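Peer 1: Here it is: the structure, laid out below.
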Amino acid sequence: MYCKNCGSKLNENANVCTNCGVKVGNGNSFCKFCGNETNKDSKFCINCGNELNKPYIPKNTNNNKNIYCKNCSNEMNSQASVCTKCGVKRGNGNSYCPECGKETDKNADVCVNCGVNLNNKFSVINSINKSNSKVGSVGSKSKLLAIVLCLIFGTMGVHRFYVGDNSQGFIILALTLAGIVTCGITTIISCIWVIVDFILIILDKITDENGEALQW
């Protein structure tokens with residue numbers, strides 16, 4: 123991890139940079155993942171390919187496995203959002219295997235070299251991300267906002283839409299609207315659902331669309 127203000131290397135659990143005194147996470151001149159200098163308007167680091175606004179996940183020595191770009195076979199860091207060689211987002215492409223980097227047929231379902239499922243373009247990435255989430259990964263969605271939306275607009279499913287769970291959001295909304303023709307019976311079900319969701323949000327049982335915990 124690196125200071126975003128001066129680029130100095132930081133300890134994994136540091137709260138303040140000992141070089142410049144700026145709080146960890148503040149600044150926009152350097153990449154927190156590799157320490158490379160970045161443009162203030164950049165979205166991705168051109169050195170490591172990570173999304174600059176993405177939360178930093180502490181390194182786990184058991185999950186340092188790299189992946190390969192499916193478009194050009196360039197080896198990528200498991201946390202990188204884009205390939206630094208061809209610029210394609212990770213998981214996009216159908217020319218190479220993301221597990222072993224070997225060339226694959228564009229119509230193949232399975233890599234003949236390593237046997238990984240090619241149809242699920244995020245199979246390798248998701249397995250890594252799920253392992254990383256066990257070490258306290260926190261997403262960018264606000265837990266407080268999710269609670270407020272649940273309390274005020276819960277029966278419209280807005281809190282579910284906010285965290286990226288559109289399917290359950292539509293179900294809650296449909297139950298609420300169906301109350302017009304069911305004399306409020308489905309609306310009551312919707313209200314009970316919202317109460318349960320409120321409790322689940324408090325207990326950190328509801329995550330964002332990437333499976334990462336909500337942050338306060």
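Residue 338, in our numbering, is where the sequence shown stops; the numbers in between run on with no holes. Here a beta-carbon is modelled for each residue, glycine too, at the ideal position from N, C-alpha and C. Remember, predicted model here, so these are calculated numbers, not experimental data.
(1) Measuring CB to CB, does Asn-199 end up less than 8 Å from Cys-170?
(2) Would you say the stretch 203-210 touches the stretch 221-235, given that touching needs at least three Cβ pairs under 8 Å?
(3) How would you write the range of the beta strand (DSSP E) that Ala-335 sits in, first residue to last?
(4) Would you say Cys-153 reaches chain C, if we count a Cβ-Cβ gap shorter than 8 Å as a contact?
(5) Could you spell out where the alpha helix (DSSP H) holding Thr-160 opens and where it closes?
(6) Measure the CB-CB distance between Val-285 and Asp-227 and report whether it falls below 8 Å.
(7) Cutting at 8 Å between CB atoms, please list the residues of its own chain near Cys-128, excluding the five before and the five after it.
(8) Roughly how many angstroms lie between the CA atoms of Ala-300 and Thr-308, to the nearest whole one?
(9) Can you give the Cα-Cα distance for Phe-320 and Ser-289, rounded to whole angstroms?
(10) If we ignore side chains and look at the alpha-carbon of each, how far apart do Ile-323 and Val-270 end up?
(11) Reducing DSSP to helix, strand and coil, say where Asn-135 ends up.
(12) If I measure Cβ to Cβ from Asn-188 and keep anything under 8 Å in the same chain, skipping five residues before and after, which residues do I get?
(13) Just verifying my parser: in three-state terms, what is the DSSP assignment at Met-278?
(14) Taking the alpha carbon of Cys-156 as the point to measure from, which residue in Arg-282, Cys-125 and Asn-137 has its own alpha carbon closest?
(15) Between Gly-291 and the rest of its own chain, which residues show a CB-CB distance below 6 Å, the 5 nearest in sequence each way excluded?
(16) Please report how far the alpha carbon of Ser-195 lies from the alpha carbon of Arg-212, in whole angstroms.
(17) For Tyr-178, which three-state DSSP category applies?
(18) So, using beta-carbon positions, are Leu-336 and Lys-224 closer together than 8 Å?
(19) Span of the alpha helix (DSSP H) holding Ala-300?
(20) Tell me, please, which residues DSSP counts as bridged to Ile-189.
(21) Using DSSP with H/G/I as helix, E/B as strand and the rest coil, what is Val-270?
(22) Could you tell me which residues DSSP puts in a beta bridge with Ser-264?
Peer 2: The short version:
(1) In the sequence shown, the residue the question calls residue 199 occupies position 77. In the sequence shown, the residue the question calls residue 170 occupies position 48. Contact flag set, yes.
(2) Contact between the stretch 203-210 and the stretch 221-235 is absent, because fewer than three Cβ pairs lie under 8 Å.
(3) In the sequence shown, residue 335 corresponds to position 213, counting from 1. Run containing Ala-335: 335-337, per the beta strand (DSSP E) assignment.
(4) Among the chains of the structure shown, chain C does not appear; only one protein chain is present.
(5) Indexing the sequence shown from 1 puts residue 160 at position 38. Segment: none, Thr-160 is in no alpha helix (DSSP H) and carries neither H nor E.
(6) For this step, residue 285 is matched to residue 163 along the sequence shown. For this step, residue 227 is matched to residue 105 along the sequence shown. In this structure, Asp-227 does not lie closer than 8 Å to Val-285 by Cβ.
(7) Your numbering for residue 128 matches position 6 in the sequence shown. Result list for Cys-128: Cys-139, Asn-141, Cys-142, Val-144, Gly-149, Ser-151 and Phe-152, in chain order.
(8) Within the sequence shown, numbered from 1, the residue matching residue 300 stands at position 178. Within the sequence shown, numbered from 1, the residue matching residue 308 stands at position 186. Straight through space, the alpha carbons of Thr-308 and Ala-300 are spaced by roughly 6 Å.
(9) As a working mapping, residue 320 is identified with position 198 in the sequence shown. As a working mapping, residue 289 is identified with position 167 in the sequence shown. So the two alpha carbons sit approximately 17 Å from each other.
(10) Residue numbering aside, residue 323 sits at position 201 when the sequence shown is read from its first letter. Residue numbering aside, residue 270 sits at position 148 when the sequence shown is read from its first letter. Looking at the two C-alpha atoms, the distance is approximately 11 Å.
(11) Looking up residue 135 in the sequence shown gives position 13. Correct three-state label for Asn-135: coil.
(12) The sequence position of residue 188 within the sequence shown is 66, counting from 1. The answer, listed in chain order, is Glu-197, Met-198, Asn-199 and Ser-200.
(13) Looking up residue 278 in the sequence shown gives position 156. Met-278 falls in the helix class under three-state DSSP.
(14) What you label residue 156 is simply residue 34 of the sequence shown in a count that begins at 1. Minimum Cα distance to Cys-156 is reached at Cys-125.
(15) Within the sequence shown, residue 291 is the residue found at index 169, counting from 1. Excluding residues within five positions, the ones whose Cβ falls inside 6 Å are Gly-279, Arg-282 and Phe-283.
(16) What you label residue 195 is simply residue 73 of the sequence shown in a count that begins at 1. What you label residue 212 is simply residue 90 of the sequence shown in a count that begins at 1. Each residue's alpha carbon lies about 11 Å from the other.
(17) Numbered from its first residue, the sequence shown carries residue 178 at position 56. Residue state, collapsed to three classes: coil.
(18) If you number the sequence shown from 1, residue 336 lands on position 214. If you number the sequence shown from 1, residue 224 lands on position 102. Judged by beta-carbon spacing, Lys-224 lies beyond the 8 Å limit of Leu-336, meaning their Cβ atoms are not closer than that value.
(19) Locating residue 300 in the sequence shown gives position 178, counting from the first residue. That run of the alpha helix (DSSP H) goes 288-300.
(20) Residue numbering aside, residue 189 sits at position 67 when the sequence shown is read from its first letter. For Ile-189, which the question treats as bridged, DSSP gives the partners Met-198.
(21) On the sequence shown, position 148 is the one that residue 270 refers to. It is helical.
(22) Within the sequence shown, numbered from 1, the residue matching residue 264 stands at position 142. Answer by DSSP bridge pairing, in chain order: Gln-337.
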